[in-house]
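Here the sequence shown is numbered in this note's numbering, starting from 2 and rising by one per residue.
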Amino acid sequence: MAALQAREMAKLGYDVLQIDLLGCGDSSGDFAEAGWRDWQDDVHRACRWLRTRSDAPLILWGLRAGCLLAASAAVTLKEAANFIYWQPVVSGKQHWQQFIRLKMASELASGQAKTVSEQLRRQLSNGQSVEIAGYTFSPALVESLEAAELNPPIDLGGRVAWLELSTREGASPSPVSRKCIGQWEAAGGYRLDARMIHGPGFWQSSEIEDAPELIEATVAVLESWQ
């Protein structure tokens with residue numbers, strides 16, 4: 002889905018760089034060895050590479066927890082950035098709880114689901130990595146993820162496209178999302194365009210899912226910024 006959006010934006014004349022973070026996709030390294038700081042450095046390197054080829058306004062585009070990463074990386078960039086947030090995660094701690102629930106679901110058949118959270122905490126506190134849904138999380142990565150919040154970088158300002166998906170007609174952002182949107186607006190200097198888009202939660206499916214309305218909305222927001 003992200004690759005499709007990148008191609009569509011490139012066709013419209015945008016300079017687009019889609020990166021695989023350390024240990025993800027086709028990148029080098031192992032996910033088990035990757036850390037939050039490594040991924041922030043990847044974002045910084047990507048921005049420097051883009052700057053050698055384009056002088057267009059910088060836009061950081063994230064999906065889910067990638068939005069947390071984009072906001073945290075922007076703090077130490079040497080220029081202000083705009084943001085495209087797809088289904089943004091606003092709390093890394095809550096996001097980690099979703100991974101724990103995945104682990105609990107996988108342990109239901111063994112009857113160990115009730116003790117999963119405690120076991121994971123014990124492993125991490127002992128400096129041991131944990132495996133969930135095929136991914137090996139190091140204690141350092143979990144600690145960084147739990148500490149991450151989708152806070153606006155102070156004194157930078159810019160534009161933010163906040164796009165959430167729902168299959169329900171007339172859906173509205175959750176109270177948690179509305180609170181976070183209000184914090185960005187109150188921070189000063191940020192102009193938000195928050196929209197609910199009709200479409201599937203493609204990040205949850207192992208099958209290929211299309212969300213054409215999300216692509217259309219993203220392009221529409223970008224055109225409104227020109």
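The beta-carbon is built from N, C-alpha and C at its ideal position, and this holds for glycine as well. Treat the numbers as computed from the prediction; the structure is a model and nothing was measured.
Could you pull the start and end residues of the alpha helix (DSSP H) that residue i belongs to?
{"i": "Thr219", "result": "Pro213 to Trp226"}
{"i": "Glu186", "result": "Pro176 to Ala187"}
{"i": "Ser145", "result": "Pro140 to Ala148"}
{"i": "Leu109", "result": "From DSSP, Leu109 is part of no alpha helix (DSSP H); its letter is neither H nor E."}
{"i": "Gln6", "result": "Ala3 to Lys12"}
Look up residue i in the DSSP assignment and give the residues it is bridged to.
{"i": "Asn127", "result": "Paired residues: none, contrary to the question."}
{"i": "Trp163", "result": "Tyr86 and Ala195"}
{"i": "Thr137", "result": "Glu132"}
Mind reading off the beta-carbon distance from residue i to residue j? Whole number of angstroms is fine, and I expect it under 8 Å.
{"i": "Leu78", "j": "Ala71", "result": "With a Cβ gap of about 10 Å, Leu78 and Ala71 do not count as contacting."}
{"i": "Ala162", "j": "Ile209", "result": "With 8 Å as the limit, Ala162 and Ile209 do not qualify as a contact, their Cβ atoms being about 24 Å apart."}
{"i": "Gln6", "j": "Thr219", "result": "6 Å"}
Restricting to Cα atoms, I'd like to know which of the options is closest to residue i.
{"i": "Val143", "options": "Val44, Asp156 and Gly128", "result": "Gly128"}
{"i": "Thr53", "options": "Trp185, Leu18 and Phe32", "result": "Leu18"}
{"i": "Asp31", "options": "Leu23, Arg38 and Trp37", "result": "Leu23"}
{"i": "Cys48", "options": "Arg8, Leu166, Asp16 and Gln120", "result": "Asp16"}
{"i": "Ser214", "options": "Val222, Ala66 and Gly67", "result": "Before going on, a small fix: residue 214 reads as Glu here, not Ser. Here the closest residue by C-alpha is Val222."}
{"i": "Asn152", "options": "Ala35, Glu132, Lys12 and Ser92", "result": "Ser92"}
{"i": "Ser118", "options": "Cys68, Tyr136, Trp97 and Gly135", "result": "Trp97"}
{"i": "Met105", "options": "Ile85, Leu121, Ala82 and Gly200", "result": "Leu121"}
{"i": "Pro174", "options": "Leu59, Arg196, Ser206 and Gly159", "result": "Arg196"}
{"i": "Gln88", "options": "Ser225, Gln227 and Ala212", "result": "Ala212"}
{"i": "Gln205", "options": "Cys25, Ala57, Asp42 and Phe100", "result": "Phe100"}
{"i": "Thr168", "options": "Ala35, Pro201 and Ser29", "result": "Pro201"}
{"i": "Phe83", "options": "Ala172, Val90, Leu59 and Gln95", "result": "As written in the sequence, residue 83 is Asn, which differs from the Phe given in the question. Of the candidates Ala172, Val90, Leu59 and Gln95, the one whose C-alpha sits nearest the C-alpha of Asn83 is Leu59."}
{"i": "Arg46", "options": "Ala57, Glu34, Ala75 and Gly26", "result": "Ala75"}
{"i": "Arg8", "options": "Ser225, Gln227, Trp226 and Glu217", "result": "Glu217"}
Can you check whether the C-beta of residue i is within less than 7 Å of a C-beta belonging to chain D?
{"i": "Ser28", "result": "Of the protein chains in the structure, only one exists, and it is not chain D."}
Whole beta strand (DSSP E) elements within the segment 52 to 103, 3-residue minimum | If one requires a minimum length of 3 residues, the beta strand (DSSP E) runs lying completely within the segment 52 to 103 are 60 to 64 and 83 to 87, in chain order.
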